[in-house]
Amino acid sequence: WVTGLKKVKVLERFEPSGRGKVVEFSAGTLGLSISYTLSYTIDEPESVSWVSIAGGVKSIVGQYRLTPSADGGTRVRYQLDVDAGFGVPGPVRKAVTNLVIGAALPDLKRYLEKEYKK
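Mapping of the sequence shown onto the working numbering: position 42 corresponds to residue 1406, and the numbering continues sequentially without gaps.
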């Protein structure tokens, strides 16, 4: 459901939910391709966090923090820190950052509304 992902492989799952605990990703955008593996921590119902443990990126750390909103819905706070581990020119870094962040929340919203439509 995330824009730019080409392949996702679940290497390890949480029991009994079956959710991905260690997941390998292949992604591409702007002519660049990269593979990385994330390890997830789930603190239901408040957050889903992840950290990179392998791959072509030095460090990826992120989190979705979920809180109830006054209207009965859910507010999602998205945090992401990526260190590519190699020099990326400022304008390219900004374009990729804007692309990732600009797609992440709308992609999540579309997915959840489709999966949990009332």
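The beta-carbon is built from N, C-alpha and C at its ideal position, and this holds for glycine as well.
Asked	Found
Identity of the residue in K1385, G1426 and S1399 nearest Q1443 by Cα	G1426
For S1390 and S1416, the rounded distance between their alpha carbons	13 Å
E1410 to R1474 span [Cα, whole Å]	20 Å
Coil, strand or helix - K1473 by DSSP	helix
Beta-bridge pairing of Y1400 - partner residues as DSSP gives them	F1389 and G1419
For P1453 and S1359, the rounded distance between their alpha carbons	Since the first residue of the chain shown is 1365 and the last is 1482, residue 1359 is not available in this structure.
Neighbourhood of E1376 by C-beta, 7 Å cutoff - its chain only, sequence neighbours within 5 removed	K1385 and V1386
Residues near F1484 by beta carbon distance below 6 Å, same chain, minus five either side	Residue 1484 is absent from the model: the chain starts at 1365 and stops at 1482.
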